[in-house]
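In what follows, a single structure is set out as structure tokens and then discussed.
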Amino acid sequence: MIDTKTAPYAALLLRVSLGILFLAHLSLKVFVFTIPGFVGFMSSLGLPPALAYVTMALELVGGLMLITGFYARWAALPLAALMLGTIVSVHGQNGWLFTNKGGGWEFPAFWLVGLLSVALLGDGAFAMRRARVE
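Counting with our numbering, you get residues 6 to 139 for the letters of the sequence shown.
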């Protein structure tokens with residue numbers, strides 16, 4: 006049974022922690038790998054270089070939407086698609102564990118499940134703008 010008194014706070018913790026992870030992941034791309042480095046990495050995978058910019062924009066905007074609770078459940082869906090794409094195109098062939106060379110798919114898969122949980126749970130407590138679902 007779901008505890009309706011605490012469930013909104015659980016959704017809050019989940020969405021904020023996922024949002025912070027997206028901003029941290031974006032920071033890694035920008036400050037460590039650099040934007041040109043990340044664009045080059047995407048190109049080396051045979052992906053369009055423009056996809057690097059789309060990925061970074063999704064991580065920035067989606068992460069902020071999750072943290073603030075601004076239509077968080079709807080922000081979680083394209084971010085979940087991004088994680089699925091990451092598993093399929095980048096980490097899937099590296100094996101299960103994220104400690105494998107090139108990073109495995111365990112962490113992106115867990116991230117994907119968390120995002121789908123936010124989409125199903127809703128925006129949670131202290132959401133700036135709740136998505137209406139009827």
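We put the beta carbon where it would ideally sit given N, CA and C, even for glycine.
Close beta carbons around L71, own chain, < 8 Å, minus the five adjacent residues each side: R20, V21, L23, G24, F27, A77, A80, A81, L84 and V123
Cutoff 8 Å; reference W101; Cβ partners in own chain excluding five residues on either side: G109, W110 and E111
Runs of alpha helix (DSSP H) wholly within the stretch 24–108 (minimum 4 residues, chain order): 40–49, 55–73 and 77–91
Residue(s) in a DSSP beta bridge with R20: R20 is not bridged to any residue.
Cβ-Cβ distance between D8 and G74 below 8 Å: no
Extent of the continuous alpha helix (DSSP H) to which W116 belongs: Taken as a continuous stretch (DSSP letters only), the alpha helix (DSSP H) holding W116 covers E111 to L126.
Beta-carbon gap between V93 and L50 smaller than 8 Å: No, Cβ-Cβ distance for V93 and L50 is not below 8 Å.
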